[in-house]
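J.: The listed protein sequences derive, respectively, from chains H and P. By this note's numbering, the letter at position 11 of the first sequence is numbered 11, and the numbering carries on one by one without gaps. By this note's numbering, the letter at position 173 of the second sequence is numbered 173, and the numbering carries on one by one without gaps. Just dropping this structure here.
2 protein chains.
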Amino acid sequence: MHKGMGFIVLMVLVWGCARQPQELEGGRWVDLSYDFSEATIYWPTSDPFRLDTVFSGTTDQGFYYSAFKFCAAEHGGTHMDAPVHFAQGRRPVNEIPLEQLMGPAVVVDVSEKALKDRDYRVSVPDLQDWEARHGPIPEGAIVLLRTGYGQFWPDREKYMGTAERGAQAVQKLHFPGLSPEAARWLVNNRTIDAIGLDTPSIDYGQSTNFESHQILNGQNIPILENVANLDRLPPTGAWVIALPMKIRGGSGGPVRIVARLPEG
Amino acid sequence: MHKGMGFIVLMVLVWGCARQPQELEGGRWVDLSYDFSEATIYWPTSDPFRLDTVFSGTTDQGFYYSAFKFCAAEHGGTHMDAPVHFAQGRRPVNEIPLEQLMGPAVVVDVSEKALKDRDYRVSVPDLQDWEARHGPIPEGAIVLLRTGYGQFWPDREKYMGTAERGAQAVQKLHFPGLSPEAARWLVNNRTIDAIGLDTPSIDYGQSTNFESHQILNGQNIPILENVANLDRLPPTGAWVIALPMKIRGGSGGPVRIVARLPEG
Numbered sequence: 001m002h003k004g005m006g007f008i009v010l011m012v013l014v015w016g017c018a019r020q021p022q023e024l025e026g027g028r029w030v031d032l033s034y035d036f037s038e039a040t041i042y043w044p045t046s047d048p049f050r051l052d053t054v055f056s057g058t059t060d061q062g063f064y065y066s067a068f069k070f071c072a073a074e075h076g077g078t079h080m081d082a083p084v085h086f087a088q089g090r091r092p093v094n095e096i097p098l099e100q101l102m103g104p105a106v107v108v109d110v111s112e113k114a115l116k117d118r119d120y121r122v123s124v125p126d127l128q129d130w131e132a133r134h135g136p137i138p139e140g141a142i143v144l145l146r147t148g149y150g151q152f153w154p155d156r157e158k159y160m161g162t163a164e165r166g167a168q169a170v171q172k173l174h175f176p177g178l179s180p181e182a183a184r185w186l187v188n189n190r191t192i193d194a195i196g197l198d199t200p201s202i203d204y205g206q207s208t209n210f211e212s213h214q215i216l217n218g219q220n221i222p223i224l225e226n227v228a229n230l231d232r233l234p235p236t237g238a239w240v241i242a243l244p245m246k247i248r249g250g251s252g253g254p255v256r257i258v259a260r261l262p263e264g
Numbered sequence: 001m002h003k004g005m006g007f008i009v010l011m012v013l014v015w016g017c018a019r020q021p022q023e024l025e026g027g028r029w030v031d032l033s034y035d036f037s038e039a040t041i042y043w044p045t046s047d048p049f050r051l052d053t054v055f056s057g058t059t060d061q062g063f064y065y066s067a068f069k070f071c072a073a074e075h076g077g078t079h080m081d082a083p084v085h086f087a088q089g090r091r092p093v094n095e096i097p098l099e100q101l102m103g104p105a106v107v108v109d110v111s112e113k114a115l116k117d118r119d120y121r122v123s124v125p126d127l128q129d130w131e132a133r134h135g136p137i138p139e140g141a142i143v144l145l146r147t148g149y150g151q152f153w154p155d156r157e158k159y160m161g162t163a164e165r166g167a168q169a170v171q172k173l174h175f176p177g178l179s180p181e182a183a184r185w186l187v188n189n190r191t192i193d194a195i196g197l198d199t200p201s202i203d204y205g206q207s208t209n210f211e212s213h214q215i216l217n218g219q220n221i222p223i224l225e226n227v228a229n230l231d232r233l234p235p236t237g238a239w240v241i242a243l244p245m246k247i248r249g250g251s252g253g254p255v256r257i258v259a260r261l262p263e264g
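Right, dumping it as structure tokens:
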């Protein structure tokens, strides 16, 4: 090895080591979560999120105080479907190992096709095309499908095909999802930690048997739905942590998802 | 540089670079959050956490499905007090910058004193003693006070001094907290991101004016309460991320707190 080369290697090493503590603290972080309010999108058969005031104002003792209470369905807004949502005996939301709630983000952008077709389903070739460009989906990845429908949030009609509520509205749902074939390909050929997308459900709006849910949940894979800001992530290099509310025995729940962008 | 030396440097570099992705993914993680159930401890004046079944079993189409909905007060279980909880015009829980929700953990163990005195308040000398041993509390730290009362969870009487509910139970609360003097010392002399402890409130059980809340929230500092597993963290070296449910305008809410332990 040439002396100069050795010096460069040494400097890179010093820089690399000095950089390590910042790996966690520094960097730019992006919030992939929508907030919860009465405008938050829920499934047409669910009640909207509700926040009630317990107290807000000045107390008798003279200091300011505010507190609220709330009611919510597990499966609305930015939320997680725990494996037990569609798979009997699989993990509830409080029992998913922390290590499975974090990992390198794989962002598969199918927005060009999906924005032309509300009923688009991400296919095996879509995943294979991504791999041809970026390499194999790494073990422990959190796969995020970008359909482009996130731009319509919180306009219910544009986002999910109908603004109506109630059981009769379900058949009017039109938004993209993941095909059962692609779900099966993922669980059979790759080892992913979790999967998510920027629509209300991993199965497309017209699904009636929720087969992709069954396939993924059946393999103990949690699903992230109504994920925000996917346009701000690169195809690879981001790191994601998705921490759900720890509801004992819950089939899912509100989740806060954040991504650390790669440096540079 | 000697050739052999260059080779060693190169190998360390390769190892260092290969290790970097694991900086975030690897390591041991500890969950500092209790789960939410009917047994979860809330303030005596709050209703308990409530989970209702929407559906659980086999659908008409023949697949398994389970879903629940829930109601909760913002301030129960492992939760965050957003600055607006006790400080008018300060940040609600959905507006706290992500960077403030993560940082190096400073764990101040006062359990020996606090377990002998239910009304113990962490003092300025307690913080100064910690610094004398471990160095100054770093900028952006998440300060965690370990009173030792976490071991009593979820036994309400042992944990907070009374198992009674209702307004008359509040005066029977006895558990440790942070003294207003120590809260003032922290905001005036150090720059911390957040503070938390293993009791139901940053002000001790007998407080009536919640002065430490007012001081901390007044400086836009969020407070973490009913933090779990503090006995599993070292005094320094852990890294914490506390992601609250993103309730728009919320004065706080359920939070999932996790810590990455230092290597080795």
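All residues carry an ideal CB built from backbone N, CA and C; glycine is no exception.
With distance defined between alpha-carbon atoms, name the residue in P:A39, P:A72, P:T191 nearest to P:S46.
T.: The option with the nearest alpha carbon to P:S46 is P:A72.
J.: To the nearest angstrom, how far is the alpha carbon of H:R248 from that of P:D31?
T.: Taking the straight line from one Cα to the other gives about 14 Å.
J.: Can you tell me whether P:M160 is helix, strand or coil according to DSSP?
T.: P:M160 falls in the helix class under three-state DSSP.
J.: Measuring alpha carbon to alpha carbon, tell me which residue in P:P44, P:T59, P:L233, P:P176 is nearest P:E112.
T.: Considering only alpha carbons, the answer is P:P176.
J.: According to a CB-to-CB cut-off of less than 9 Å, which residues of the stretch 62-74 of chain P neighbour chain H?
T.: So the close ones are G62, F63, Y64, Y65, S66, A67, F68, K69, F70, C71, A72, A73, E74.
J.: Helix, strand or coil for H:K113, going by three-state DSSP, please let me know.
T.: Three-state result, H:K113: helix.
J.: Where does P:R256 sit, in a helix, a strand or coil, going by DSSP?
T.: It is a strand residue.
J.: How would you call H:D198, buried or exposed, if buried means at least 16 neighbouring beta carbons within 10 angstroms?
T.: By the 10 Å Cβ count, H:D198 comes out buried.
J.: Check the Cβ-Cβ distances between H:G177 and every residue of chain P, and say whether any is below 7 Å.
T.: Not an interface residue.
J.: So that I know if they touch, is there some Cβ in chain H lying closer than 7 Å to that of P:Q214?
T.: It does: the Cβ of P:Q214 has a partner Cβ on chain H nearer than 7 Å.
J.: Could you name the residues that DSSP lists as bridge partners for H:E225?
T.: H:E225 is bridged to H:H79.
J.: Could you spell out the range, first to last residue, of the beta strand (DSSP E) harbouring H:W239?
T.: Counting along the chain, the beta strand (DSSP E) containing H:W239 begins and ends at 239-244.
J.: Taking DSSP's pairing of strands, which residues face P:S56 in a bridge?
T.: DSSP, once it has assigned bridges, lists P:S66 as partnering P:S56.
J.: Buried or exposed for H:N217, please, with buried defined as at least 16 other CB atoms from any protein chain shown within 10 angstroms of its CB.
T.: Buried, since its Cβ has 16 or more Cβ neighbours within 10 Å.
J.: Which same chain residues end up closer than 8 Å to P:P21 when comparing Cβ atoms and leaving out the 5 residues on each side of it in sequence?
T.: The predicted model places P:P21 with a pLDDT of 38, which falls under 50 and marks its position as unreliable, so this point remains unresolved.
J.: Just mark H:N94 as buried or exposed, buried being the case when its beta carbon has 16 or more other beta carbons within 10 Å.
T.: When all chains shown are included, H:N94 counts as buried.
J.: With H, G and I counted as helix, E and B as strand and the rest as coil, what does DSSP make of P:P21?
T.: Low confidence applies here, because P:P21 scores a pLDDT of 38, under 50, leaving its location unreliable; read the following figure in that light. P:P21 falls in the helix class under three-state DSSP.
J.: Under 8 Å Cβ to Cβ from P:V255, same chain only, skipping five residues before and after it: list those, please.
T.: Only S33, T78, H79, M80, L224, A242, L243, P244, M245 meet the Cβ criterion.
J.: Residues of the stretch 76-99 of chain H with a CB closer than 7 Å to any CB of chain P: list them in chain order, please.
T.: Correct list: V84, H85, F86, A87, Q88, N94, L98, E99.
J.: Would you mind listing the beta strand (DSSP E) stretches within the stretch 163-199 of chain H that are 3+ residues and don't spill past its ends, in chain order?
T.: The qualifying runs are 192-197.
J.: For H:R190, which of H:R156, H:D117, H:G161, H:V143 has the nearest alpha-carbon?
T.: The option with the nearest alpha carbon to H:R190 is H:V143.
J.: Look at the alpha carbon of H:G253 and the alpha carbon of P:G148, and state the distance between them as a whole number of angstroms.
T.: Roughly 30 Å between the two C-alpha positions.
J.: For the beta strand (DSSP E) that P:D31 lies in, which residues bound it at each end?
T.: P:D31 -> beta strand (DSSP E) spans 29-31.
J.: Looking at chain P, which residues of the stretch 41-54 of chain H have a Cβ within less than 8 Å of any of its Cβ atoms?
T.: Listed by position, the residues of the stretch 41-54 of chain H near chain P (Cβ gap below 8 Å) are S46, D47, L51, V54.
J.: Are the C-beta of H:R28 and some C-beta of chain P separated by less than 7 Å?
T.: So no, H:R28 is outside the interface.
J.: May I ask which residues mark the beginning and end of the beta strand (DSSP E) holding P:R146?
T.: Here the beta strand (DSSP E) through P:R146 covers 141-146.
J.: Can you tell me which of H:G250, H:Y120, H:H75 puts its alpha carbon nearest to the alpha carbon of H:R90?
T.: It is H:G250.
J.: Please confirm whether P:R118 and P:H75 have their CB atoms less than 7 Å apart.
T.: Not in contact: P:R118 and P:H75 (Cβ atoms no closer than 7 Å).
J.: Could you say which of P:D52, P:F86, P:F63 lies nearest to H:Y64 if we only look at CA atoms?
T.: Among P:D52, P:F86, P:F63, the Cα nearest to that of H:Y64 belongs to P:F86.
J.: Have a look at the DSSP bridge pairing and note the partners of P:G103.
T.: Answer by DSSP bridge pairing, in chain order: P:V240.
J.: Measure from the alpha carbon of P:Q88 to the alpha carbon of each residue in H:P92, H:F55, H:D109, then state which is nearest.
T.: Considering only alpha carbons, the answer is H:F55.
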